[in-house]
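Remember, my numbering sits 32 above the position in the sequence shown when you count from 1.
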Amino acid sequence: YLGVNLVYTEVTTIVLKQLSAVIFLLVNVLNVPLVSLFFCLKLPLLGAAPFRWSFVAGLVVIIGGLLTYNHKTLTAWRGSNDN
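Structure follows, in structure tokens:
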């Protein structure tokens with residue numbers, strides 16, 4: 033637990049330094065369904081939580097919303113990388 037928490041804190045700090053606070057918030061929104069899926073794995077000292085397809089559906093909805101929200105930014109970014 034301690035190792036995972038330290039890695040998570042370090043990654044969070046790096047994301048906040050590199051990206052804006054809005055992107056940081058949107059990335060944290062992904063944590064809920066990803067952590068739910070993670071706890072469906074059989075982990076040592078923890079039993080596996082029951083898997084529900086609603087976790088996957090929630091993740092797909094959130095990713096779709098993030099892509100829709102950032103469509104113009106992503107299109108402009110892809111256009112600048114093509115040149």
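For glycine and all other residues, C-beta sits at the position ideal for the given N, C-alpha and C.
If you're wondering where the values come from, they're calculated on a predicted model, not measured in any experiment.
DSSP three-state call for residue i: helix, strand or coil?
i      : result
Asn29  : As shown, the chain starts at 33 and ends at 115. That puts residue 29 outside it, with no answer to give.
Gly111 : helix
Ala53  : helix
Pro65  : helix
Leu135 : Because the chain is modelled from 33 through 115, residue 135 falls outside the range shown and cannot be assessed.
Just to confirm my understanding: we take residue i, look at its own chain, exclude 5 residues before and 5 after, and list those with CB closer than 8 Å. What are they?
i     : result
Val47 : Ile55, Phe56, Val59
Ala80 : Phe71, Cys72, Leu73, Lys74
Looking only at its chain, what residues have a beta carbon closer than 7 Å to the beta carbon of residue i, apart from the 5 residues adjacent to it on each side?
i     : result
Leu62 : Ile94
For the candidate residues the options, whose alpha-carbon lies nearest to that of residue i?
i     : options                    : result
Val8  : Leu91, Ala108, Ser52       : Nothing in the structure corresponds to residue 8, since the chain is present only between 33 and 115.
Tyr40 : Ala108, Leu75, Val67       : Val67
Arg84 : Gly96, Leu77, Leu78, Phe71 : Phe71
Assuming residue i is part of the alpha helix (DSSP H), what are its boundary residues?
i     : result
Phe87 : 85-101
Phe71 : Taken as a continuous stretch (DSSP letters only), Phe71 belongs to no alpha helix (DSSP H), as it is neither H nor E.
Can you list, in chain order, the residues of its chain whose CB lies under 6 Å from that of residue i, leaving out five sequence neighbours each side?
i     : result
Leu75 : none
Leu98 : Leu58
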